[in-house]
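Residue numbers (our numbering): 40 to 598. Where a beta carbon is used, it is the ideal one built from N, C-alpha and C, also for glycine. Report on one structure; see the data block that follows.
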Ligand code: B12
Ligand code: SF4
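Pasting the structure below:
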């Protein structure tokens, strides 16, 4: 338990010994080595002058699994070996339970080191985070761009760290709340995500890799945000809870300048000469159509690499689509969420009409762009909604991939409150509320078997499958009468397609000699099979302690 006296003892201890460049801040990320939030926070710390290190955990298919106790211990040991002056965690709801275990292990190994939490879950569930985890000393509620460096400076210099806006301070009998800062408006002024391997540590399949990521994505693909926020507030999405004045006043949807984005991409191309694909991970890339039109012109001229982005049925026009295709749009994902207007409008705060969705799909189709439409199936759907949903899916221009999700209830989101109120959800099923939950909302084999109806969505996107056949199967209730036949029939088409694209991927990485990555992929074959054919809960886990002793070579200069 951390008392105010202990806080000040830690603060002054940290302050006496270190100058900024040797003040080591170790960050923990549970979402793989390319998680932008952690790549960003690392860059922020480095640009503020600190000795930043980040430990990344989990990759490939295994990302959806919770960490084993063995892996938690390995992570804690790896973190402790780095000898942090401050320890920081990026906390999401899907990683919350692991953060709880991890923070306890870390506290045992690092009794006097201040621990700071930040990220979506920490911001939204600050009360629980601080109450349930007295090991956590400080919590950043909302944006950390200014608050985190200010906290670190106070800790380093042994100054008062109890009154920093956005920073909450844990106490044995409660916590100190501080006022929110305004949201950062000038995104151009922020440092760019740090994808280098400098001071990065990767824990993959029970092994620790210091300063050398065996997952080579960043050499070939670049992940970037051009904006923060979203113009919409869908009830199942973080924006519905994060766009809250308590988390910072000011314009919520902000965009970088075209020059800043292009500069970053040019730098990336210099740093990674094999770069051949860009992912724009903005919530809705096509928000601010004027910006996108101008951006596409410059992008085509100066970058010209194929790219991916998200769009929205109300945010796509012929003109915009043509500009994006000309600039290199290769893949686009549009959220349809539910095929039933009743469910969309009553439960999801999605008010686009079916006509608009069909129009948006017509605009996107037939241009050689790979189309994916997201659907979220939920307990709010009646039999009639399901039927309507599929009818809408059948009305969309082909060819597309239906990406199916289970409604996943994140704490504090409006849909979660609605589902709890309507008795459709038990409190223990809210993400982060209990152990052993999946870390994803994507659907896998297990879901398709449990609800064979979903398979029609996959069928609906195929050009060569007659709609009447799908309707006939629905009318004949094939999904209830012969679920196995339906599941295996659809899998017989889907799995070879997946294997083929994996094979292409293998060849691509083999061509560049990324053997360590290919070995990791090979080792995760069981997870792939369990996810796509078998049972998600029976996946492979990794024994770590031994491997760590064998392979976790200490970084030069570390104890
Ligand atoms: C881009 C994105 C993705 C990309 C990730 C690409 C990548 N390489 O990073 C993709 C599409 C792959 C993805 C996948 C998933 N995502 Co996502 N994703 C996002 C998105 C849109 C932006 C995240 C981001 O990078 N923001 C930029 C960073 C800089 O901002 P930030 O995270 O808010 O961090 C700030 C503060 O929180 C703070 N901070 C952050 N960490 C720390 C740490 C400390 C110590 C401190 C002091 C401060 C601090 O400072 C930062 C700067 O101000 C968010 C939505 C959103 N609007 O936040 C969802 C979001 C984070 N994702 C979410 C989810 C659920 C997932 C999936 C589980 C979905 C799935 N497929 O099942 C997966 C998980 C994958 C995994 N690896 O484990 C949820 C998390 C829910 C929750 N309550 O925690 C969000 C909020 C969206 C939602 N549905 O509500 N995602
Ligand atoms: S449009 Fe997409 S990103 Fe924006 S609030 Fe809705 S689900 Fe979230």
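- Burial of residue 156 is indicated by the presence of at least 16 other C-beta atoms within 10 angstroms of its C-beta.
- When the beta-carbon positions are compared, residue 370 and residue 323 stay at least 8 Å from each other.
- In the DSSP assignment, residue 240 falls within the unbroken beta strand (DSSP E) covering 239 to 243.
- Secondary structure note for residue 66: it is in no alpha helix (DSSP H), and the uninterrupted beta strand (DSSP E) holding it is 63 to 68.
- DSSP lists 416 as the bridge partner or partners of residue 445.
- As DSSP reads the structure, residue 264 sits in no beta bridge.
- For residue 256, the enclosing alpha helix (DSSP H) stretches over residues 256 to 259.
- Here residue 532 is exposed: its Cβ has fewer than 16 other Cβ atoms, across all protein chains shown, within 10 Å.
- Secondary structure note for residue 369: its beta strand (DSSP E) is the uninterrupted segment 368 to 376.
- Assigned with DSSP and collapsed to three states, residue 406 falls in coil, not helix or strand.
- The continuous alpha helix (DSSP H) containing residue 161 extends over residues 159 to 163.
- The shortest C-alpha to C-alpha distance from residue 76 to any of 189, 267, 121 and 539 is the one to 267.
- Those residues that bring their Cβ nearer than 6 Å to a heavy atom of the ligand SF4 are 269, 271, 272, 273, 276, 278, 322, 323, 351 and 374.
- Taking 7 Å as the cut-off, one finds no heavy atom of the ligand B12 near enough to the beta carbon of residue 86.
- Check the Cα spacing between residue 237 and each of 462, 411 and 81: the tightest is with 81.
- For residue 396, same chain residues with a beta-carbon under 8 Å away, outside a window of 5 residues either side, are 352, 375, 431 and 435 in chain order.
- Check the Cα spacing between residue 262 and each of 314, 526 and 103: the tightest is with 314.
- DSSP places residue 531 within a helical segment (H, G or I) once states are collapsed to three.
- With 16 or more other CB atoms across the displayed protein chains lying within 10 angstroms of its CB, residue 294 is buried.
- In terms of Cβ geometry, residue 501 and residue 438 form a close pair [threshold 8 Å].
- DSSP lists 267 as the bridge partner or partners of residue 293.
- In this structure, DSSP gives residue 484 a helical state, which the three-state scheme calls helix.
- Under the three-state reduction of DSSP output, residue 454 falls in the helix class.
- The C-alpha of residue 283 is placed about 38 Å away from the C-alpha of residue 499.
- The straight-line gap separating the alpha-carbon atoms of residue 165 and residue 180 is approximately 7 Å.
- The three-state secondary structure of residue 342, taken from DSSP, is coil.
- The DSSP-derived three-state label of residue 302 is helix.
- Collapsing the DSSP output to three states places residue 79 in a helix.
- Under DSSP, the beta-bridge partners assigned to residue 247 are 242.
- Residue pairing by DSSP places residue 350 opposite 373 in a beta bridge.
- Short note on residue 390: C-beta not closer than 7 Å to any heavy atom of the ligand B12.
- Taking each of 60, 342 and 274 in turn and checking the Cα distance to residue 305, the smallest one comes out for 342.
- Between the alpha carbons of residue 250 and residue 125 lies a gap of roughly 20 Å.
- For residue 92, the enclosing beta strand (DSSP E) has its first and last residue at 90 to 96.
- Excluding sequence positions up to five before and after residue 95, its CB lies within less than 6 Å of the CB of 68, 72 and 241, all in the same chain and listed in chain order.
- Cβ neighbours of residue 296 within its own chain (closer than 7 Å, five residues either side excluded): 227.
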